[in-house]
Structure formats: C-alpha cells, structure tokens
Amino acid sequence: MNPKLVEKLSLWQLAILIFIFEVGSVAVVGVGQEAKQDAWIAIALATGIGIGLIAFYMFLLSKLPGKNLFEILVFCLGKWVGKFIGALYVLYFFYIASRVLRDFCELIITVIFKRTPIETIAITMMLVIVYMLYLGLEVLGRTSEVFIPYVFSFIIFIGLGTLFSGEMEFKNLQPILADGIGPIAKAIFPQLLTFPFGEMIAFMMIIPYLTKFKKAGKVSIAAVAISGLMIIYASVIQITTLGLNMWERSSFPLLSAAREISLLAFIERVDLIIVFIVMYGIIVKVSVFFYGGLKGIEVIINKPYRTLVFPLGMVISYFSIQISDTFAEHIEEGIMVIPMFLHLPFQLFIPALITPILIWKVKKQQRRTDNESV
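Residue numbers (our numbering): 17 to 390.
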C-alpha cells in the first residue's frame, strides 16, 4: 500500500468518525453533572450549540477550500505569527490526545487488567494508532466503517438491557427544572460547550481532505445532531439506573449501569461491551487529535508527518502517564482547569479572532484576481 494514496475520506466515513469521536468516551464517562437530573436537557441544548460550532468551523474552511486550520492561520496572520499560533495548536492537540489516552488506560486497569502496568496499556494502544495513521487517513475511515455497527448497537443494547432488567427508575429524572435554568447553564458553559462539541475543531484538519467538500457541512451537522441524541440516551440510562449520586459512586457511570443488566439469569456482567465502546472511541479520538497535530507540524516545518508519527506517538503515550499522578487528579484538571484555560481559547477565541481577518483577506484576494482578469 502506497501511503501517499490514502489521504481522502468519503462523506459517510466523516459522519462515522464524528459520531464515534463525540460519543465514544463521553457516553461512558458521563457529562452534565452540574445539572443533576436535568443533565439530558443540558446535553440537548449543548448539542444545538455544537451544531452552531461545527457550522462556524465549516464557514472558516469554506473561505479557503482545500486549506486546513494551520494553513488558514498562516494565511490570516502571516508566516511567523501564523506558525507560532499553529505550534500552540500542535501542543494543544497532543495534550488532549494524551488526556484521552489516559481515560482509556484508567478504564482498562480498573476493569480488566488490574495488575498490568498502565504504561503497557498506553504504549500498546498508541502503537495501534501510530500504525493506522502511518497507513493514512483513509485507513482510519475504513476501519471505522467496520466497527460503527457494533458501537451503535452496543449502546442501544445497554439501554434496552437495563430497561428489561427492571433497573431503570424514571422518577430519577424528576423534578424537571427543580432549581431553574441556572444549573443547566452552568453545565453547558464551559464544560459541555467545550467537551465534546468544541473539540470538533480538530476536524478542521480532516474535513479539507474529503472527496466531496461542498456537502461536508450538512453531513457534519447531521452527525453532530445524531451523536448528541445518543449522548442524551446514554445520560438517561445513567440517571435512571444509578440515580443522582452516580458520579460519586463511579468514574464510569455507563459501565456501572451495564453491570446492573441481568436477563434470563444468563446475560449478565456485560462489562466488555462498554470496554469495546470506549476502546474504539478512544482510538478514533486520539487518532483525530494526533493526526491534527501531525499535520500542523507538517505545515510548520514542511516535512511529511509520517516521518514523525512513531516518535511523537511514543511521546504522547509517555505524557498520558505523566500528566497527573492519580485518576482523581486527572478528572479534576479536566473539569476545573482545561475548559477555561485551554478549550475556550483554542476552540472559540482564536477562531473568532481570525474570522474578520479571513473574510477581509479573501475579499481582497478576490478583488485582486478580478482586476487581473480584466
């Protein structure tokens, strides 16, 4: 296989990647804690905002078709400033990839390989991702096509399994809006706004390589909407099965909910289903962020990213262990620090700042082209 020939994605593959990217880890870890029993409402509203975000990112990409986020930064800010901001995005993408990898490692050593060093899990997972990205972006898309039926059907099964096991208590969803809109707003900003929907900024490094770029906007919006519905579905499962103290009881609420399934005294302990969902969700999410960082380096140093994929992959696996001493500290950083000081600047502020510059420069370029043609 020639790696130079596999840098294109179909619209279907893009939709699958977005769905797994959004749902894979969020559905299991759980979001919207501040809204309590109204978490599903917060997620629904955040999904609407997420649709607006992906539309905004598509607007930026449409101004310079075929150009990714880093190339847009250079176009707007000039070579040196653009590459400097681009280098910050590289660090941001790699750091988030390390955090996501740590989520998976913690789940694995908690549920399955309790005596296995966490370093072994991190390195093994990154080797899979490194090999996939070295072969090309299309390999990631085709692999996702194979696994999407399992991811989708397994999440549906968890809900039906807990329902028919008699473990769901829908009264846990009441009273609706007991404390007003305040807790919902607190859950949305900045947590739900930035995780998972704001993280879609990483797809600004992938969407330019679509075979049918003009239809990417509609497909992306539809994929975000469907993933939002699935996250709401998972949230309802968690609340109705575990109650409002589920985040205190478990770091992985959907996993705990799945353990309540007992059908026909035969189908029980379906933990591996959750592990599979998380595993492939993490593979896609780390791959997207890692690929985004690699393509950024390619723009900055003008060197093919495949020459760096293995050493930088090992760096990410190393930092996934070093970023925090304990899982509790890792989660606290993700809730208290990352959204305000990393997510918001890179997902919202910088794109918003370059938008008027991009519009002005594109119009200026078009006027120059029109004058030359005359």
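Glycine included, every Cβ here is placed at the ideal spot set by N, Cα and C.
query                                                                                                                             : result
L30 versus Y225, L179, A368, N387, residue with shortest Cα-Cα distance                                                           : Y225
Cut-off 7 angstroms between Cβ atoms - residues of its own chain near L59, not counting five sequence neighbours on either side   : Reading the sequence as shown, one finds Ile at residue 59 and not Leu. So the qualifying residues of the chain are V47, G48, L208, G244, I247, I248, S251.
Endpoints, the alpha helix (DSSP H) within which L324 is located                                                                  : Where L324 is concerned, there is no enclosing alpha helix (DSSP H), given that its DSSP letter is neither H nor E.
Endpoints, alpha helix (DSSP H) assigned at K234                                                                                  : 232-258
C-beta contact flag for F357 and A218 at 8 angstroms                                                                              : no
Distance, D287 Cα to M148 Cα                                                                                                      : 26 angstroms
Chain-order list of residues whose beta-carbon lies under 6 angstroms from that of A51 (same chain, five-residue window excluded) : A58, P199, I200, A203
Secondary structure of M17, DSSP reduced to three states                                                                          : Any answer about M17 is weak, because its pLDDT of 40 lies below 50 and its placement is not dependable; what the coordinates show is given next. The answer is coil: DSSP assigns M17 none of H, G, I, E or B.
Strand pairing of I283, partner residues [DSSP]                                                                                   : L279
Any 3 or more C-beta pairs closer than 8 angstroms across the stretch 329-343 and the stretch 100-119                             : yes
CB contact flag (G177, L279, <8 angstroms)                                                                                        : yes
C-alpha distance - A194 paired with K95, whole-angstrom precision                                                                 : 53 angstroms
Closest by C-alpha distance to E23, when choosing among L324, F72, K83, V155                                                      : V155
Those residues which DSSP pairs with L25 across a bridge                                                                          : L226
Nonlocal neighbours in the same chain, by C-beta distance under 6 angstroms from T371, ignoring five residues either side         : none
Contacting residues, own chain, Cβ-Cβ under 6 angstroms from Y307 (five flanking each side not counted)                           : L149
Proximity to V162 [Cα-Cα], best of I124, A344, L33                                                                                : L33
Exposure label - I223; buried when at least 16 CB within 10 Å                                                                     : buried
Alpha-carbon to alpha-carbon, A344 and P269                                                                                       : 15 angstroms
Beta-carbon proximity check, V90 vs G82, cutoff 8 angstroms                                                                       : no
Every unbroken alpha helix (DSSP H) within the stretch 92-163, with a cutoff of 4 residues, ordered by chain                      : 95-127, 134-151
Distance between N387 and S78 (C-alpha atoms, nearest Å)                                                                          : 23 angstroms
L258 versus A273 - alpha carbon distance                                                                                          : 7 angstroms
Cβ contact (3+ pairs, closer than 8 angstroms) linking the stretch 121-131 and the stretch 291-299                                : yes
Residue-level contact to chain D via CB, L279, 8 angstroms cutoff                                                                 : Here chain D cannot be found, since the structure has a single protein chain.
Local conformation of A55 per DSSP, three classes                                                                                 : helix
N- and C-terminal bounds of the alpha helix (DSSP H) containing G402                                                              : Since the first and last residues shown for the chain are 17 and 390, residue 402 lies out of range.
Minimum C-alpha distance to F168 - residue among F37, V146, L369                                                                  : F37
Exposed unless 16 or more other CB atoms sit within 10 angstroms - verdict on E185                                                : exposed
Coarse secondary structure for Q363, derived from DSSP in three states                                                            : helix
Contact check, P206 vs H359, beta carbons under 8 angstroms                                                                       : yes
C-alpha gap between R285 and S266, whole angstroms                                                                                : 16 angstroms
Reduced DSSP category for M74 - H, G, I as helix; E, B as strand; rest coil                                                       : helix
Rounded distance between the beta-carbons of M220 and N84, thought under 8 angstroms                                              : 6 angstroms
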